[in-house]
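Quick notes on the structure that follows.
Protein chains: 2
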Amino acid sequence: MPPFERHLFICTNVRPPGHAKGCCSEKGSEAVREAFKERVAKLGLKGSVRANAAGCLDACEHGISVVVYPENVWYGRVTLQDVDEIVEEHLVNGRPVERLRIFK
Amino acid sequence: MPPFERHLFICTNVRPPGHAKGCCSEKGSEAVREAFKERVAKLGLKGSVRANAAGCLDACEHGISVVVYPENVWYGRVTLQDVDEIVEEHLVNGRPVERLRIFK
């Protein structure tokens, strides 16, 4: 089945409450990852796009962090409200969502 | 800090015992991921190489599955014994380990 045309990794790392770095999980990354997964399935992109959970992507201060490979496009402060735009603009139409990009 | 020169994702997905697809976790993928992490740190590659845990990479029949981005090089049936070779040959010297590659 793989390689995928676009392979998303959403940080779902969990740190203990009160940890100085915080974590993407406490910002709601599991729900974000579910939303990506559902949207991808709904648009019939299964097989060409995959939305994976991942451990800490080392971009904690920008969390919720998402990376799209093989393009190497990174997104920060991704919320549930951003999922449809990323899927439709970037994953379907090939135009990364500039306002959410980090590490450009 | 990111983007990384090479970003590894090691499937650490867990399925219930007896599941028809099996899972990379029951094949020892957590230990493989730890070994990658330690080797990367020991060789001073932290910052340029990252070894992340990931959910199911949809390559279950080839597990333990590993993908290296942005190159999009996939490895299957990775064992603890393969970690040093992948790190030294591929991640340091830039030569993917052909005998372990899948989806070429």
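The listed protein sequences derive, respectively, from chains A and B.
Per the numbering used here: the first sequence = residues 11 to 114.
Per the numbering used here: the second sequence = residues 11 to 114.
Backbone N, C-alpha and C define an ideal beta-carbon position, used for all residues, glycine too.
A quick note: this is a predicted structure, and the numbers were derived from the prediction, not measured.
CB contact below 8 Å: residue i versus chain B
i              : result
L67 (chain A)  : yes
R87 (chain A)  : no
R105 (chain A) : no
A64 (chain A)  : yes
F113 (chain A) : yes
Extent of the continuous alpha helix (DSSP H) to which residue i belongs
i             : result
A41 (chain B) : S39 to K52
Residue range of the unbroken beta strand (DSSP E) whose run includes residue i
i             : result
N62 (chain B) : V59 to A64
V77 (chain A) : V76 to Y79
V83 (chain B) : V83 to Y85
Burial state of residue i, where buried means 16 or more other Cβ atoms lie within 10 Å
i              : result
L67 (chain A)  : buried
R109 (chain B) : exposed
D92 (chain B)  : buried
A51 (chain A)  : exposed
N23 (chain B)  : buried
Neighbour flag for residue i against chain A, beta carbons, 8 Å
i             : result
F46 (chain B) : no
P27 (chain B) : no
R60 (chain B) : yes
### Message
Threshold first: 3 residues or longer. Then list the beta strand (DSSP E) segments lying entirely within the region 12-36 of chain B, N to C.
### Response
Secondary structure within the region 12-36 of chain B: the beta strand (DSSP E) runs of 3 or more consecutive residues, fully enclosed, are 16-21 (chain order).
| message | Three or more C-beta pairs under 8 Å: does that hold for the region 53-61 of chain B against the region 83-99 of chain A? | response | The answer is no - the region 83-99 of chain A does not touch the region 53-61 of chain B, with fewer than three Cβ pairs under 8 Å.
Any 3 or more C-beta pairs closer than 8 Å across the region 26-39 of chain B and the region 76-93 of chain A = The region 26-39 of chain B, when compared against the region 76-93 of chain A, does not touch it at the 8 Å Cβ threshold.
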